[in-house]
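Take a look at the structure below.
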Amino acid sequence: MTTSPMGSGTGGAAPFSDDEIHAYVDGQLAAERRGELEQIIAADPEVAARVAFYRRLNAELHRRFDHVLAEPVPNEWRPAPVWQRRVRDRRAPTVRNFGIAAAWLFAGLIAGWSTHDLVIPPKIVERVVERPAPIFDQAAVAFTVFTPEVRHPVEVRADEAQHLMSWLSNRMGRPIKAPNLDDAGWRLMGGRLLPVVEDTGNRHVACQFMFERGDGARLTVYYKDAGSPDATAFRYAEQTGGVGVVYWFDDKLGYAVAGKLPKDQLQTLARKIYDQFNS
Amino acid sequence: MSGQGMSNAEDDHPIVAQIPHLRRYARALIGDRALAEDLVQDSLERAWSRFHLWRKGSNLRTWLFSIMHNLHANLARNASRRPLAAPIDDDFTLPVRPTQEDQMEVAAIEAALARLPEEQRQVILLVGLEDMTYQEAAAVLDIPLGTVMSRLHRGRERMREMMTASGGPGLRRVK
Numbered sequence: 005m006t007t008s009p010m011g012s013g014t015g016g017a018a019p020f021s022d023d024e025i026h027a028y029v030d031g032q033l034a035a036e037r038r039g040e041l042e043q044i045i046a047a048d049p050e051v052a053a054r055v056a057f058y059r060r061l062n063a064e065l066h067r068r069f070d071h072v073l074a075e076p077v078p079n080e081w082r083p084a085p086v087w088q089r090r091v092r093d094r095r096a097p098t099v100r101n102f103g104i105a106a107a108w109l110f111a112g113l114i115a116g117w118s119t120h121d122l123v124i125p126p127k128i129v130e131r132v133v134e135r136p137a138p139i140f141d142q143a144a145v146a147f148t149v150f151t152p153e154v155r156h157p158v159e160v161r162a163d164e165a166q167h168l169m170s171w172l173s174n175r176m177g178r179p180i181k182a183p184n185l186d187d188a189g190w191r192l193m194g195g196r197l198l199p200v201v202e203d204t205g206n207r208h209v210a211c212q213f214m215f216e217r218g219d220g221a222r223l224t225v226y227y228k229d230a231g232s233p234d235a236t237a238f239r240y241a242e243q244t245g246g247v248g249v250v251y252w253f254d255d256k257l258g259y260a261v262a263g264k265l266p267k268d269q270l271q272t273l274a275r276k277i278y279d280q281f282n283s
Numbered sequence: 094m095s096g097q098g099m100s101n102a103e104d105d106h107p108i109v110a111q112i113p114h115l116r117r118y119a120r121a122l123i124g125d126r127a128l129a130e131d132l133v134q135d136s137l138e139r140a141w142s143r144f145h146l147w148r149k150g151s152n153l154r155t156w157l158f159s160i161m162h163n164l165h166a167n168l169a170r171n172a173s174r175r176p177l178a179a180p181i182d183d184d185f186t187l188p189v190r191p192t193q194e195d196q197m198e199v200a201a202i203e204a205a206l207a208r209l210p211e212e213q214r215q216v217i218l219l220v221g222l223e224d225m226t227y228q229e230a231a232a233v234l235d236i237p238l239g240t241v242m243s244r245l246h247r248g249r250e251r252m253r254e255m256m257t258a259s260g261g262p263g264l265r266r267v268k
């Protein structure tokens with residue numbers, strides 16, 4: 005440890021710095037300087053008192069907190085095989101989990117409300133909470149909830165694209181990039197993070213990018229972390245309300261393109277996206 | 094750094110070896126056990142999911158501690174000025190009682206720690222409890238080395254004042 009003199013707290017002209025006293029106590033002082041410091045300490049009771057206090061402070065910190073080192077490490081804190089990691093990590097009952105569940109339930113209720121016959125609300129709840137929510141369902145719900153938004157269709161807008169990608173990459177735990185659909189006439193509006201509750205009870209996150217066409221039509225591309233399947237062909241599902249979804253899995257990520265568009269258009273866009281990430 | 098074995102077995106993962114250290118530091122930093130455990134858990138979640146971003150060969154320990162530091166800083170910002178462990182009240186009397194000569198009163202050390210500005214507490218703990226070099230502490234906190242040194246100095250001197258000025262008989266005897 006070399007020193008950046010900060011002036012001595014004790015005798016004005018003393019040939020040592022405060023930094024050196026700390027470095028001496030912390031065992032970070034260069035060996036050749038140690039002997040000189042020891043002489044100074046021996047000669048100056050005030051310095052000696054400081055050294056003694058700092059030393060005992062360090063020792064007391066260990067005495068007070070070292071027992072924590074011996075506490076057994078909860079299993080949830082250890083790594084798990086990737087496909088179950090999130091289940092285990094998220095199991096601890098925290099307020100956040102309630103928040104995620106509530107947000108999902110809320111989103112589901114809104115989506116159900118707007119896409120289903122209003123006469124049978126109990127089924128909507130059952131559907132959200134108990135039924136498996138495969139990716140096409142989840143993507144369609146997110147599409148339905150957010151595309152009608154005028155003021156808040158996305159959480160982070162495309163003009164902050166770099167921030168958007170790094171934020172979503174952090175939250176998704178893997179590099180995330182929005183597809184570029186400019187030459188198909190779809191302009192990126194931005195994206196958002198979404199909660200996911202799986203039928204396994206697994207709670208994690210997904211994200212959605214939204215695109216807009218010149219005529220005001222909107223399209224979403226939904227990504228969800230998926231331990232399995234590893235890769236699939238394109239599949240198509242049509243949801244109530246005319247929302248079509250083309251989805252596939254690739255490199256343990258689920259993709260779903262959702263829009264009120266004919267099947268072949270969705271498929272063309274899906275192909276385009278697939279090619280962008282596999283070129 | 095110790096404990097960075099190369100085995101891939103999950104219990105031997107180098108992160109696992111650091112968990113007790115993260116936990117000890119969090120406990121000392123925050124005071125409240127439950128809050129500290131939450132912080133460690135959140136930090137580990139983030140660390141596992143970002144492990145692919147860790148540069149192999151770089152210091153894993155400072156990487157982990159800086160993840161925790163950043164999370165904690167975000168939480169603290171969100172919680173605004175809520176005191177973390179103890180009231181920040183200068184009239185607060187430290188519970189110093191006569192004790193064995195070579196031991197500071199445990200309650201006193203915790204109370205004094207809690208009254209330090211957090212930026213000073215962090216440095217004192219990283220250096221004095223986690224035995225980090227000053228350079229490592231600077232990396233964890235993302236501050237210049239000189240700032241580490243001045244926070245360390247001010248923090249330790251403040252603690253010395255708190256723990257000796259109130260006249261605890263056990264502390265006056267420091268030779």
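If you read the sequences in order, they're chains F and X.
With our numbering as the guide, the letters of the first sequence map in order to residues 5 to 283.
With our numbering as the guide, the letters of the second sequence map in order to residues 94 to 268.
The C-beta atom is built at its ideal place from N, Cα and C for all residues, glycine as well.
Notebook entry, point to check: What is the DSSP secondary structure of MET225 of chain X, reduced to helix, strand or coil?
Noted result: It is coil, neither helix nor strand.
Note to self: By DSSP's criteria, ASP22 of chain F is part of a beta bridge. Which residues make up the other side?
What the structure shows: Answer is none; ASP22 of chain F lacks a bridge partner.
Notebook entry, point to check: Listing by chain order, which chain F residues have their CB less than 7 Å from the CB of MET252 of chain X?
Noted result: Within chain F, the residues near MET252 of chain X are LEU61.
Next item on the list: Give the C-beta separation of GLY177 of chain F and ASP255 of chain F to the nearest angstrom, bearing in mind that I take them to be a contact with Cβ-Cβ under 8 Å.
Entry: GLY177 of chain F to ASP255 of chain F, Cβ: 14 Å. No contact.
Next item on the list: Tell me whether LEU146 of chain X counts as near the ligand HEM, meaning its Cβ is closer than 7 Å to at least one heavy atom of that ligand.
Entry: Absent from the structure shown: the ligand HEM. Ligands present: none.
Notebook entry, point to check: Would you say GLU75 of chain F faces chain X, with C-beta separation under 8 Å as the test?
Noted result: Cβ-Cβ to chain X under 8 Å: yes for GLU75 of chain F.
Check: Taking Cβ-Cβ distances shorter than 7 Å, what residues in chain F pair up with HIS106 of chain X?
Finding: Under the 7 Å cutoff, chain F gives PRO83.
Notebook entry, point to check: Which of helix, strand or coil does DSSP assign to ARG82 of chain F?
Noted result: Correct three-state label for ARG82 of chain F: coil.
Notebook entry, point to check: Between which two residues does the alpha helix (DSSP H) containing TRP190 of chain F stretch?
Noted result: That residue, TRP190 of chain F, is in no alpha helix (DSSP H); its beta strand (DSSP E) goes 190-201.
Item checked: Inter-residue CB distance, PRO237 of chain X and LEU73 of chain F (contact presumed, cutoff 8 Å) -> In this structure PRO237 of chain X does not touch LEU73 of chain F by the C-beta definition: roughly 30 Å separates them, more than the 8 Å allowed.
Notebook entry, point to check: Roughly how many angstroms separate the alpha carbons of VAL77 of chain F and TRP141 of chain X, rounded to a whole number?
Noted result: In this structure, the CA atom of VAL77 of chain F is about 15 Å from the CA atom of TRP141 of chain X.
Notebook entry, point to check: On the three-pair Cβ rule with 8 Å, is the segment 213-227 of chain F touching the segment 142-157 of chain F?
Noted result: At 8 Å Cβ cutoff, the stretches touch.
Note to self: Just checking: is the beta-carbon of GLY177 of chain F within a distance shorter than 8 Å of some beta-carbon in chain X?
What the structure shows: Answer yes: the Cβ-Cβ gap between GLY177 of chain F and chain X drops below 8 Å somewhere.
Item checked: Buried versus exposed, by CB contacts within 10 Å (16 or more), GLU42 of chain F -> By the neighbour-count criterion, in which 16 or more other beta carbons inside 10 Å mark a residue as buried, GLU42 of chain F falls on the exposed side.
Check: Nearest-angstrom Cα distance between SER283 of chain F and GLN212 of chain F?
Finding: Taking the straight line joining both Cα atoms gives about 22 Å.
Notebook entry, point to check: Which residues of chain X have a Cβ atom closer than 8 Å to the Cβ of ARG68 of chain F, listed in chain order?
Noted result: Going along chain X in sequence order, the residues near ARG68 of chain F (Cβ under 8 Å) are ALA121, VAL199, ILE202 and GLU203.
Item checked: Extent of the continuous alpha helix (DSSP H) run through VAL145 of chain F -> Looking at the DSSP string, the run of the alpha helix (DSSP H) that includes VAL145 of chain F is 139-150.
Next item on the list: Using 10 angstroms around the beta-carbon of ARG116 of chain X, count the other beta-carbons present and answer buried if the total reaches 16, otherwise exposed.
Entry: By the 10 Å Cβ count, ARG116 of chain X comes out buried.
Note to self: For GLY248 of chain X, which residues in the same chain have their Cβ closer than 7 Å to its Cβ, ignoring the five residues on either side in sequence?
What the structure shows: Around GLY248 of chain X: LEU209, GLN213, ARG214, VAL216 and ILE217.
Notebook entry, point to check: What's the gap between the Cα of LEU137 of chain X and the Cα of TRP81 of chain F?
Noted result: If you take the alpha carbons of LEU137 of chain X and TRP81 of chain F, they lie about 7 Å apart.
Item checked: Pairwise C-alpha distance: GLY194 of chain F and ASP30 of chain F -> For ASP30 of chain F and GLY194 of chain F, the gap between their C-alpha atoms comes out near 50 Å.
Next item on the list: Find the nearest neighbour of LEU146 of chain X within the set F:ALA237, F:PHE140 and F:SER173, judged by alpha-carbon distance.
Entry: For the residues F:ALA237, F:PHE140 and F:SER173, the minimum Cα distance to LEU146 of chain X belongs to F:SER173.
Check: Who are the neighbours of LEU157 of chain X on chain F, taking C-beta pairs under 8 Å?
Finding: None at all; the shortest Cβ gap to chain F is about 12 Å.
Next item on the list: Please say whether VAL250 of chain F and PHE238 of chain F have beta carbons closer to each other than 8 Å?
Entry: Result yes, Cβ atoms of PHE238 of chain F and VAL250 of chain F sit closer than 8 Å.
Notebook entry, point to check: What residue does the beta strand (DSSP E) around GLU216 of chain F start on, and which one ends it?
Noted result: Per DSSP, GLU216 of chain F is one residue of the beta strand (DSSP E) stretching across 207-217.
Notebook entry, point to check: Within the 8 Å Cβ cut-off, does HIS3 of chain F reach chain X?
Noted result: Here chain F has residues from 5 to 283 only, and residue 3 of chain F is not among them.
Next item on the list: Return no unless some Cβ of chain X is closer than 8 Å to the Cβ of ASN226 of chain F.
Entry: For the record, residue 226 of chain F in the displayed sequence is Tyr; it is not Asn. Taking 8 Å as the threshold, the shortest C-beta distance from TYR226 of chain F to chain X does not fall below it.
Note to self: Counting only Cβ pairs nearer than 7 Å, list the residues of chain F close to GLY150 of chain X.
What the structure shows: Near GLY150 of chain X there are no residues of chain F at all, since even the closest Cβ is about 20 Å away, more than 7 Å.
Next item on the list: Give a yes or no on contact between the segment 139-146 of chain F and the segment 258-267 of chain F, applying the rule of three or more CB pairs nearer than 8 Å.
Entry: Short answer: they touch.
Next item on the list: Answer with buried or exposed for ASN62 of chain F, where buried requires no fewer than 16 other C-beta atoms within 10 angstroms of its C-beta.
Entry: Buried: at least 16 other Cβ atoms inside 10 Å.
Next item on the list: Whole angstroms is fine: what's the gap from ARG196 of chain F's alpha carbon to ALA210 of chain F's?
Entry: Distance between the alpha carbons of ARG196 of chain F and ALA210 of chain F is about 9 Å.
Next item on the list: Label VAL154 of chain F either buried or exposed according to how many other C-beta atoms from any shown protein chain fall within 10 Å of its C-beta, with 16 as the threshold for buried.
Entry: The residue in question, VAL154 of chain F, is exposed, as its Cβ has fewer than 16 Cβ neighbours within 10 Å.
Check: Where do the N-terminal and C-terminal ends of the beta strand (DSSP E) with GLY263 of chain F fall, by residue?
Finding: Element bounds for GLY263 of chain F: 257-263.
Checklist line | Short Cβ contact (8 Å threshold) for LEU132 of chain X with HIS165 of chain X | finding: For the pair LEU132 of chain X and HIS165 of chain X, the CB atoms are nearer than the 8 Å cut-off.
Note to self: Whole angstroms are fine: how far does the CA of MET225 of chain X sit from the CA of ARG95 of chain F?
What the structure shows: Caution applies to ARG95 of chain F, whose pLDDT of 42 falls short of 50 and renders its modelled position unreliable; the value that the coordinates give is listed next. C-alpha separation (whole angstroms): 33 Å.
Next item on the list: Please determine, among F:ALA35, F:VAL145 and F:LEU198, the residue with the shortest C-alpha to C-alpha distance to VAL160 of chain F.
Entry: When each option's Cα is compared against that of VAL160 of chain F, the closest is F:LEU198.
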